[in-house]
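Note sheet for the following structure.
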Amino acid sequence: MNPQELITLFDLPLGQEGLVSSRPDAISGDAADRALALRLFEIGFLDGERVRVVARGHPGGDPVAVRVGNTMFALRKFEAEHVLVAPLGGKNP
């Protein structure tokens, strides 16, 4: 995947799918960043995994509900901003 094609999961439009991209700098942050990266990894945000934004809270879109495989998660903005995705074509139902 080309780095300029990557956006954060929080910036992925509602209803659009994307593929999770590994983030090499995820382990280089402070202990809190590393713990968050590990938690996201453990719940299924793996390189190449397909994700879709299914709902957003109001106001400001926080939290964001995302589907990873057959599981749905609610992530806070700061969590969703730690996941890089490559957007896939058009919206899916």
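Anchor point for the sequence shown: position 36 equals 36 in UniProt numbering, and the numbering is continuous, going up by one each time. Heads up, the beta-carbon is just placed ideally off N, CA and C, and yes, glycines get one too.
Cβ pair residue i, residue j closer than 7 Å
i, j, result
"ASP62", "SER22", "no"
"ARG50", "GLU17", "yes"
"VAL83", "PHE41", "no"
"PHE73", "VAL66", "yes"
"VAL53", "LEU6", "no"
Collapsed DSSP secondary structure at residue i in the structure displayed
i, result
"PHE78", "helix"
"GLY89", "strand"
Expected contact under 8 Å - CB spacing of residue i and residue j to nearest Å
i, j, result
"VAL68", "LEU12", "No, VAL68 and LEU12 are not in contact; Cβ-Cβ is about 12 Å, not under 8 Å."
Quick check on the DSSP output: what are the complete alpha helix (DSSP H) runs of length 4 or more inside the UniProt domain "Ferrous iron transporter FeoA-like" (7 to 87), in order along the chain? Runs found: 31 to 42 and 77 to 80.
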